[in-house]
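Chemist: My questions will all concern the structure given below.
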Amino acid sequence: ASKSKRSEDLPEVLSPPAPRNTPSYHGVGGCVNDIRVNCVRVNCINRAVYQYHVSFKPDVDSRNMRFLLLNQHRDVIGNTKAFDGTILYLPKKLDRHEVKLHSTRLTDNTEVLLHIKLTKALDPSSTQLIPFYNTVLKRCMKILEMCPVGRNYYDPSSPKTLEKLQLVLWPGYVTSIKKFEDGLMLNIDISHKVLRKDTAKHVMVEAYKKSPNFYRETCLKELVGAIVLTRYNNKNYRIDDIAWNMTPSSTFTTSKGDMITFVEYYRVQYKIEIQDLKQPLLVHRPKKETQREFKRKDGEDHLICLVPELCFLTGLSDKLRNDFRAMRELRDNTSFEPTKRNACLEEFLIRVNSNDNARQELLRWGLELDIQTCSTTARTLPSERVMVGNKQVFLCGPEADFGREVMRSPVITPVHIGNWLLVFVRRDSNKAEHFFEKMVECTRKLGIQLEKPRFLQLNDDRTTSYKDAISTSLNSNTQLVVCIFPSSRDDRYNAIKKLCCVDVPVPSQVIISRTLPDDPKIGKFRSVTMKIALQINCKLGGELWAVDIPLKGLMVCGIDVYHDPSRKAKSVAAFVASTNKLMSTWFSKAIIQKPHQEMIDGLKICFVDSLKKYYELNHALPERVVIFRDGVGDGQLKVVAEHEVVQLQSCFEMFSKIKGSDYNPMLSMVVVSKRINTKFFSCGRSGLSNPSPGSVLDHTATRPNWPDYFLVSQHVRQGTVSPTHYIVVSGHHHLKPDHMQRLSYKLTHMYYNWPGTVRVPAPCQYAHKLAYLVGQSLGHQPSPQLCNKLFYL
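Under my numbering, think of the first position of the sequence shown as 1108, with each following residue one higher.
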């Protein structure tokens, strides 16, 4: 058969887009509605992108020199290229498959032969080209005079000042060109950079005013770990240390080898006059990759020293975070409704397409952006029926909030609370009495029998006073310890939780005094007490409500990992598994990871213990297991699919003796991601709005090579709702897409700390709470005696 002319022109047939490795994972259940997604179609108008191999004779080791030698032939290769030192990508095909060019190395006038050979013609939408397309997009951002801060781009020419908060907001965008199920698209969302008006120097001055004797300690506590922005170059730096022995008058060596003071450097380079010549300098240690590059040059660590008065703090101070009014004002200025958000995105697209230079930059690679966000359809799953005690059932409303119904109904399984301690300081004695009275009223409504506690009044609020009172009063029959703290203090909270979760295992409840109003007749006192009563029933092993999950022999699990922010402590992995048909009782276990230890080693132990507990309570092993795995980045998906799943499946072998035959249940692993930029909006007559709880998007903006879907499970009253991304990395064939999506949505109703839906399935949220408690407060594995209770709520 004769080849087509197109094939004869190339050494290979044009490389098509990679085929989808999995069948489409599309459901059909629910009501279909029109939506807009914050993705923009990227049209590829070129026939192909051409890949060439470039060799040099004699060899040239320096990558920079290779660039210089290649750039001597712009008349042949053109101005548009992507070159990494060996592989060259061009948007146009050269006249011949092989080209030989002669360049002159200017350092020694040696002639170098460049051999450029065509190796492949890539489809313009190939994933291999996406990094280049994102680089082109970054160039467009710079053409639009937007500044890179971290991975995002912001517009410093349109700042918004919040005078009361002493903050400045830079509007910006999170952008990324990716390959989606529906082709090449730009995922774009709005972002805001929060800058404080105060500099690092201001923090240091305030620290000295408050406590001169502890000036250095306070500065280190406030600044180390903080991210600062230097406006002279719009760069972010993480502060790693303070160089007390250096000032702006100190000298350093420039890249040219000259010695210069910081004062002179900023005067010459940026025309900035430093005012305070005695301030110590801040130290930033570059990342390992950058560090290695500098070590090759001089053999020493490379440090970047910064002048405090030129470093503007970013983010929010703890004082602002705890200020409700301040946070509300900030939210009002950064949280956009769907119609406004979509309008801002389309304004950006118009800005790119109307700028000749930006548009031309894209066209060089044959790219064009649509002028509006992508239109498609989503489905809304039916509302769930919630079951409570006495076989009562009610239908969830359109906001998926059933708090009113739960607080008026008996729980499924009440726990008789007959022996418990109530610990408080003298000034909270009245609140303690009122709290018990309200507890009696609330528990009666919930069908829980509550006896009078043993009141322990303390003379002071020292941590040791609480610990001693609890330790001496506990006995083998004590079911619960409730502490009323006069104020919020991490050290006291951690000590009590460690005592009750590790040393002397007993469920515990901590209440901050200010959450209980002084007047018990105020409605808030009753609502707070009702939530505490529900929480206590869970901690003692009771069940509150359930939804109908018709799958037989099902066990669902949740995994999450806590990483210490300081990066010094060990990581904590938490594993939570259901132990009954209603998914209302749970087995929980946490493991503390040693450095360099494989995470899967601990997870296998947890999984085996979960299966044992399931068998103990049900006298049968589960026929189907669905694991929802949180805390996994994009780069780890293959590791989870190809390594973790195989290791977990190996746990089934040890249960074959119990079953009497090979035990091989259907195992599905679903990665749950909250930190995503994809959003979608419902289209209506009055404009765009947030999609209803239960909305599913399983096409168009999904991955081309993974079975995945987006699910909105919550209702938000302000701003734009964020969906959760579910990626079925293994066992997608065990459940139909409709069943997996419906199961995910049902489980978002089963988190007992909130009578409504949460953003992730309940086992994930439970695992998150457990991992956080162990990592943040306990530092040790909780006692096995508590594993059947939700003691960490």
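Virtual Cβ for every residue (Gly too), placed ideally from N, Cα, C.
Alpha carbon to alpha carbon, how far is Thr1306 from Val1828?
Modeler: Going from the Cα of Thr1306 to the Cα of Val1828 covers about 34 Å.
Chemist: Quick one: what's Pro1278 bridged to in DSSP?
Modeler: Pro1278 is bridged to His1299.
Chemist: Would Thr1483 pass as a contact of Thr1807 if the rule is Cβ separation under 7 Å?
Modeler: Against a cut-off of 7 Å, the Cβ pair of Thr1807 and Thr1483 comes out as a contact.
Chemist: Distance check for Ser1131 and Tyr1157, CA to CA, integer angstroms please.
Modeler: Rounded to whole angstroms, Tyr1157 to Ser1131 spans 30 Å at the Cα level.
Chemist: Sort Leu1880, Tyr1770 and Glu1468 by Cα distance to Tyr1669 and report the nearest one.
Modeler: Checking every option, the nearest Cα to that of Tyr1669 belongs to Leu1880.
Chemist: Could you say which of Asp1708, Gly1665, Ala1653 and Asp1215 lies nearest to Met1690 if we only look at CA atoms?
Modeler: For the residues Asp1708, Gly1665, Ala1653 and Asp1215, the minimum Cα distance to Met1690 belongs to Ala1653.
Chemist: Whose CA, out of Tyr1873, Val1609, His1204 and Leu1744, lies closest to the CA of His1887?
Modeler: When each option's Cα is compared against that of His1887, the closest is Val1609.
Chemist: Does the pairing of the stretch 1186–1196 with the stretch 1145–1161 give three or more beta-carbon distances under 8 Å?
Modeler: Output reads yes: the stretch 1145–1161 touches the stretch 1186–1196.
Chemist: What would DSSP say about Tyr1261, mapped onto helix, strand or coil?
Modeler: Strand at Tyr1261.
Chemist: Starting from the Cα of Cys1247, find the closest Cα among Arg1533, Leu1456, Ala1155 and Glu1760 and give me that residue.
Modeler: Comparing Cα-Cα distances from Cys1247 to each of Arg1533, Leu1456, Ala1155 and Glu1760, the minimum goes to Leu1456.
Chemist: Starting from Pro1255, follow the beta strand (DSSP E) in both directions and report where the run begins and ends.
Modeler: Counting along the chain, the beta strand (DSSP E) containing Pro1255 begins and ends at Cys1254 to Val1256.
Chemist: Could you spell out where the beta strand (DSSP E) holding Met1366 opens and where it closes?
Modeler: Segment Met1366 to Thr1368, the beta strand (DSSP E) holding Met1366.
Chemist: Just to confirm my understanding: we take Val1818, look at its own chain, exclude 5 residues before and 5 after, and list those with CB closer than 7 Å. What are they?
Modeler: The sequence given here places Leu at residue 1818; Val does not occur at that position. Val1803, Pro1830, Thr1831, Tyr1833, Gln1848, Ser1851 and Tyr1852, listed in sequence order.
Chemist: How is Arg1154 classed by DSSP in three states: helix, strand or coil?
Modeler: Looking at Arg1154 - three-state DSSP - the assignment turns out to be coil, as it is neither helix nor strand.
Chemist: Cutting at 6 Å between CB atoms, please list the residues of its own chain near His1856, excluding the five before and the five after it.
Modeler: Only Glu1491, Val1654 and Thr1864 meet the Cβ criterion.
Chemist: To the nearest angstrom, how far is it from the Cα of Phe1359 to the Cα of Asp1191?
Modeler: Cα to Cα, the separation comes out at about 32 Å.
Chemist: Within the same chain, show all residues whose beta-carbon is closer than 6 Å to that of Asp1508, passing over the 5 residues directly before and after it, in chain order.
Modeler: Closer than 6 Å at Cβ, skipping near neighbours: Gly1863.
Chemist: Going by C-alpha distance, which of Val1715, Val1683, Asn1687 and Pro1891 is nearest Ala1878?
Modeler: Ranking Val1715, Val1683, Asn1687 and Pro1891 by Cα distance to Ala1878 puts Val1683 first.
Chemist: For His1875, is the classification buried or exposed, using 16 other Cβ atoms within 10 angstroms of its Cβ as the cut-off for buried?
Modeler: Per the 10 Å Cβ criterion, buried.
Chemist: Going by DSSP, what residues sit across from Met1773 in a beta bridge?
Modeler: Beta-bridge pairing links Met1773 to Arg1731.
Chemist: With burial defined as no fewer than 16 other Cβ atoms inside 10 Å of the residue's Cβ, what is the status of Glu1730: buried or exposed?
Modeler: Per the 10 Å Cβ criterion, exposed.
Chemist: Exposed or buried, Phe1821, counting other C-beta atoms within 10 Å across all chains shown (16 or more means buried)?
Modeler: The displayed chain sequence assigns Gln, not Phe, to residue 1821. Buried.
Chemist: Please name the residue, chosen from Ser1780, Phe1369, Asp1365 and Ile1184, that lies closest to Met1353 on a Cα-to-Cα basis.
Modeler: For the residues Ser1780, Phe1369, Asp1365 and Ile1184, the minimum Cα distance to Met1353 belongs to Phe1369.
Chemist: Are Ile1237 and Ile1284 touching if we call contact CB-CB under 7 Å?
Modeler: Result yes, Cβ atoms of Ile1237 and Ile1284 sit closer than 7 Å.
Chemist: My assumption, with CB atoms under 8 Å, is that Arg1438 sits in contact with Gln1825. Please give the rounded CB distance.
Modeler: Indeed, because the Cβ distance is near 7 Å, the residues count as touching under 8 Å.
Chemist: Going along the chain, which residues of its own chain have a beta-carbon closer than 7 Å to the beta-carbon of Asn1462, five neighbours each way excluded?
Modeler: Here the set comprises Ile1250 and Leu1251.
Chemist: Report yes or no: do three or more beta-carbon pairs, one from the stretch 1630–1645 and one from the stretch 1836–1844, lie closer than 8 Å?
Modeler: Verdict: no, contact absent.
Chemist: I need the DSSP call for Lys1750, collapsed to helix, strand or coil.
Modeler: According to the sequence shown, residue 1750 is His rather than Lys. Of the three classes helix, strand and coil, the one that applies to His1750 here is helix, per DSSP.
Chemist: Measuring straight from C-alpha to C-alpha, what distance separates Lys1764 and Gly1882?
Modeler: Roughly 37 Å separates the two Cα atoms.
Chemist: Thr1579: which of Arg1392, Gly1742, Arg1561 and Leu1744 sits nearest, CA to CA?
Modeler: Nearest option by C-alpha distance: Arg1561.
Chemist: Report, in whole angstroms, the separation of the C-beta atoms of Val1301 and Leu1330, which I expect to be a contact under 8 Å.
Modeler: Not confirmed; about 17 Å, so no contact.
Chemist: Based on DSSP bridge pairs, tell me the residues matched to Trp1527.
Modeler: Bridge partners of Trp1527: Leu1587.
Chemist: Can you grab the Cα-Cα spacing for the pair Cys1910 / Asn1343, in whole Å?
Modeler: In the structure displayed, the chain extends from 1108 to 1900; residue 1910 sits before or after that span and is not available.
Chemist: Hey, is the stretch 1528–1547 in contact with the stretch 1556–1574, meaning 3+ C-beta pairs nearer than 8 Å?
Modeler: Yes: the two stretches touch, three or more of their Cβ pairs being nearer than 8 Å.
Chemist: Does DSSP put Ile1237 in a helix, a strand or coil?
Modeler: Helix.
Chemist: Let me confirm a value: Leu1900 is counted as buried when at least 16 other C-beta atoms fall within 10 Å, else exposed. Which label applies?
Modeler: Classification of Leu1900: buried, given that the 10 Å Cβ count is 16 or more.
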